[in-house]
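Notes for the one structure printed next.
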Amino acid sequence: MSYEELGKDGQIRLLTAEVESSLQKFVPAAVPTDCSTQDDDVQAQQERNTTREGILVRRGQIWGDLDTRKNQRRVVVEFVKSGRARVRAHYGTRRSTISVSRMHKHSTGFRLVEPGELKYGVRATAPDERTESR
Numbered sequence: 009m010s011y012e013e014l015g016k017d018g019q020i021r022l023l024t025a026e027v028e029s030s031l032q033k034f035v036p037a038a039v040p041t042d043c044s045t046q047d048d049d050v051q052a053q054q055e056r057n058t059t060r061e062g063i064l065v066r067r068g069q070i071w072g073d074l075d076t077r078k079n080q081r082r083v084v085v086e087f088v089k090s091g092r093a094r095v096r097a098h099y100g101t102r103r104s105t106i107s108v109s110r111m112h113k114h115s116t117g118f119r120l121v122e123p124g125e126l127k128y129g130v131r132a133t134a135p136d137e138r139t140e141s142r
């Protein structure tokens with residue numbers, strides 16, 4: 009609100025000026041930010057979090073370990089930052105950190121698991137049947 013909208017009451021203007029001056033003591037002046045540097049940071053993060061095949065690694069993705077010694081290990085990405093992915097076992101609580109550079113199709117790498125490959129179990133009843141609940 010501008011002072012003219014409040015009327016010609018000097019008390020209101022004085023109170024507003026006092027509040028503004030007291031706030032300046034506690035609130036630092038706004039520092040103008042350069043949007044281009046923020047955009048550069050975001051772009052650099054995306055480049056670090058992208059695999060050789062061009063897949064952007066994101067939270068919630070399921071990756072399969074291609075190392076034959078791991079017996080079809082699958083991991084879920086919890087978060088990705090600076091080219092490192094924090095993952096946990098697909099059906100478990102074991103956590104580890106892997107480099108995004110390892111997420112490529114090679115014998116020691118990882119591959120992105122397609123949703124159709126996942127087998128969460130077979131439905132016990134037909135969709136039109138009802139089960140008794142206790």
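If you read the sequence shown in my numbering, its first letter stands for residue 9, the second for the next number, and so on. A virtual CB, placed ideally from N, CA and C, is assigned to each residue, including glycine.
According to DSSP, which residues form a beta bridge with residue i?
| i | result |
| --- | --- |
| V83 | W71, A97 |
| K89 | R92 |
| I106 | A93 |
| R60 | Beta-bridge pairing links R60 to no other residue. |
| R119 | G72 |
Take residue i as the anchor and find which of the options has the nearest alpha-carbon.
| i | options | result |
| --- | --- | --- |
| V84 | V121, S109, D75 | V121 |
| K127 | Y99, K113, T76 | Y99 |
| M111 | Q46, S44, W71, T45 | W71 |
| A97 | P123, K113, G68, S44 | G68 |
| R60 | G124, E125, Q53, K113 | K113 |
| V50 | T76, T105, G62, K89 | K89 |
| T76 | T58, G117, T101 | G117 |
| S107 | K78, L64, E125 | L64 |
| Q54 | T45, T105, R66 | R66 |
Assuming residue i and residue j are in contact, meaning their beta carbons sit under 8 angstroms apart, how far apart are those beta carbons, in whole angstroms?
| i | j | result |
| --- | --- | --- |
| L74 | R119 | 6 angstroms |
| G91 | S115 | About 21 angstroms; that fails the 8 angstroms criterion. |
| F87 | R94 | 5 angstroms |
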